[in-house]
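Okay, so here's the structure we're looking at.
Number of protein chains: 2
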Amino acid sequence: MKVTELYYIEDDRNIALAVKEYLEPKNFKVTICGTLAEARQRLSEHVPACVLLDWNMPDGRGDRLCRWIRGRWKELPVIFLTVRGDSADIVSGFQNGADDYMVKPFELEVLYSRILAVLRRAGNAAERYLSCDDIRIDRNRRAVFCHSEEMSLSAAEYELLLYLMQNKGKTVTRERILAQIWDVNGNYVNDNTLTVTVKRLRDKLSQPACLKTVRSVGYRMEDTL
Amino acid sequence: MKVTELYYIEDDRNIALAVKEYLEPKNFKVTICGTLAEARQRLSEHVPACVLLDWNMPDGRGDRLCRWIRGRWKELPVIFLTVRGDSADIVSGFQNGADDYMVKPFELEVLYSRILAVLRRAGNAAERYLSCDDIRIDRNRRAVFCHSEEMSLSAAEYELLLYLMQNKGKTVTRERILAQIWDVNGNYVNDNTLTVTVKRLRDKLSQPACLKTVRSVGYRMEDTL
DNA sequence: AAAGGTCTGTCACGAAACTGTCACATTGGT
DNA sequence: ACCAATGTGACAGTTTCGTGACAGACCTTT
C-alpha cells in the first residue's frame, strides 16, 4: 500500500501530534513544520501530496505561504486548519488559493474525509514528482532540480534522466534506452550517442553518484543510502 | 464573459431562491430542482459545471443521487448543502463522493468561495483574477495590468497570456498552444506565428522574466522568487 | 472613397543551443 | 597484459528560437 505524504504546518505541537497520530495508521506520512520558513525549505526540497496549513504562525501568516505555494504548484492541494472562523477569513482563505478550509476544533474523521476528497480531485498527482537522492523531477513543469536548485537540461538529457528515474533501482540495458529515446522507427543511431549523453548528463548533475554504469549491460539510477 | 451553470437540488424553495439570487449576479446560472427525479431528468439532458445538493429531499436521500452522479460523471463536482452536521453525516457525504460539504445555515459568501474552489479543482476555473509576479489579468474586464497599470494587448497576445497564466507553473508545448489559440479546425498555422506573438507579448510586458522558454518543448509562466 | 492606424501571419536571417559522430584516453575484467 | 566497454574532448551540421521587416486584412476617421 502506497503511503501518502502530507505536510502539516502548525506551531501548536499538541494539535500537530494528535493529527499525525490519527493519520499515520491510515497510511499517511505526516511531516510537521513548526514555522513558515521550515515549510518553504521542505517544500523546495520535496513536494508532498497535500498540505495542511495553520493561519497563525510564529513567523508570519499562513495565507502568504498559500499564495507562495500557488505561484509554484498550481495543483498542490492546500487545506487551511485554523481557529479563524469568520466568513471573511474563510473567503480570504479561498481567495488565497485554498482547496478547503476547516475551523478548529475539528473532528479528525472529517479532516480525514476532506483530505481524501481533495486528493481524489488532485488525481494521481504523485506521478508528477520523481526523485533520486537530491535530484527531483517535476514532470508537469518539465523541470529538474538538484539541491532544490533548478537546472537546465537539453531535451535528450531530460528524456534520458526521466527514463532512468522512472526505472529507479532497475538496470536498464543500453538497447532499451536507445530504443526508448532515439528510436525513429528502426533508424540506427550510433551507440556512442548514449554514452555521450550520459556523460553530458553527469556533468550537469552535481550528484552523479546515483547514476551508475553497469558494465556491458547498461545504466541504473538508485538512491545512494 | 462565460456563464457557469449550476444545478441546485433543494426542496426548500426559499433557500433555493436566496442562493439563486445571490449567485446569478456573479455570473452563474442556477437551475433549481425540487425533487431528485427532476434532477436526474435534467442531468440526463444536460450536465452543468457543478451540482449543489440537499440531503433531505421529498422523494429520497441526496446521497443516493450523489452516488448516481459519481457513477456517470466522475469529475462533476458535487457540494452537499444540508442541515445534517454530525461528523458521521459529513463523513458519509464524502464517502458518497461529495467534493465539499456545508452545513446549513451557511454564509452565501462562503458558499461562493467553496464553489469557486471546487470549480478550480475541476479545471473549470472561472476565476476572475489571475496573476503572475506583477502581472494581473481581470478576465471580466478582459484587462491586463502590470505594476497595477493597465496595458493594452492585442487579441492574440491576450489569449496567449491568458492560456499561459491558466497553466502557471506548467510547461505547455508549442503544439498545445497553437491548437488552443490558432486552431480553426485543422487549419495550418505557421509555427513561427507563436514565436512572434511571444516576442510581441514579451516586449509589452515590462516583466518578461516569468515567461520562460523551454527549449524544444514550449513555454512556461511562473512566479519568480 | 481615401487615408491612416493597428493587428496579424509570414519570411529571411542570425545567434545560440543542441546533437551525433569521431578519435583517442581510460577503465575494468580475465 | 590484453581487449572490450565506456569515458572524454572536440567538431561540424542541424535545430530552435529571437528578431526586424513587410504586406495584406481590418477598422476608424476624414
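Residue numbers (this note's numbering), protein chains in the order written: chain S, 1 to 225; chain R, 1 to 225.
Where a beta carbon is used, it is the ideal one built from N, C-alpha and C, also for glycine.
What you are looking at is a predicted structure, and each value in this text was computed from that prediction instead of being measured.
| 7 Å Cβ cut-off: residues of chain S touching residue 195 of chain R | Those within 7 Å of residue 195 of chain R in chain S number zero; the least Cβ separation is about 17 Å.
| query | Around the C-beta of residue 188 of chain R, are 16 or more other C-beta atoms found within 10 angstroms, so that it is buried, or is it exposed? | reply | exposed
| Any idea what DSSP makes of residue 188 of chain S, helix, strand or coil? | coil
| field | Helix, strand or coil at residue 27 of chain S according to DSSP, with G and I counted as helix | value | coil
| Between residue 182 of chain S and chain R, is there a C-beta pair that is closer than 8 Å? | no
| query | Can you find a C-beta in chain R that's less than 8 Å from the C-beta of residue 74 of chain S? | reply | yes
| Using 8 Å as the threshold, is the segment 55-65 of chain S in touch with the segment 155-166 of chain S, meaning 3 or more CB pairs across them? | no
| field | Proximity of residue 36 of chain R and residue 15 of chain R at Cβ, strictly below 8 Å | value | no
| field | Residues of its chain near residue 222 of chain S, where Cβ-Cβ distance is below 8 Å and the 5 sequence neighbours each way are ignored | value | 132, 168, 169, 210, 212
| field | Of the listed residues R:105, R:31, R:82, R:100, nearest to residue 87 of chain S (C-alpha basis) | value | R:105
| field | Stretch pair the segment 38-55 of chain S + the segment 68-83 of chain S: three plus CB contacts closer than 8 Å | value | yes
| message | Could you check whether the Cβ of residue 157 of chain R sits closer than 8 Å to any Cβ belonging to chain S? | response | no
| message | Along the segment 31-56 of chain S, where does the CB come closer than 8 Å to a CB of chain R? Name the residues. | response | none
| Do you know offhand how far residue 112 of chain R's Cα is from residue 194 of chain R's? | 37 Å
| field | Minimum C-alpha distance to residue 24 of chain S - residue among S:109, S:150, S:143 | value | S:109
| Checking contacts by CB at 8 Å: is residue 116 of chain R closer than that to chain S? | yes
| field | Interface residues of chain R facing residue 217 of chain S [CB-CB closer than 7 Å] | value | Simply none; closest approach about 30 Å.
| query | Mind pulling the chain R residues with CB within less than 8 Å of residue 87 of chain S? | reply | 107, 109, 110
| said: Let me see if you follow: with CB-CB separation under 8 Å, is residue 16 of chain S close to chain R or not? | reply: no
| request: For residue 234 of chain R, decide whether its Cβ has a neighbour in chain S, counting only Cβ atoms nearer than 8 Å. | output: What is shown of chain R runs 1 to 225, which leaves residue 234 of chain R out entirely.
| What span of residues does the beta strand (DSSP E) with residue 133 of chain S cover, start to end? | First-last for residue 133 of chain S: undefined, no H or E at that position.
| Over what stretch of residues does the alpha helix (DSSP H) that includes residue 66 of chain R continue unbroken? | 62-72
| task | Take residue 101 of chain R and list the residues in its own chain whose beta-carbon comes closer than 6 Å to its own, dropping the five residues that flank it on each side. | result | 80, 90, 93
| field | Which of helix, strand or coil DSSP assigns to residue 199 of chain S | value | helix
| query | Which same chain residues, not among the five before or five after residue 4 of chain S, have their C-beta less than 6 Å away from its C-beta? | reply | 28, 49
| query | In the structure shown, what three-state DSSP assignment does residue 226 of chain R receive? | reply | In the structure as shown, chain R starts at 1 and stops at 225, and residue 226 of chain R therefore has no counterpart that could be examined.
| query | Beta-carbon of residue 63 of chain S versus every beta-carbon of chain R: anything under 8 Å? | reply | no
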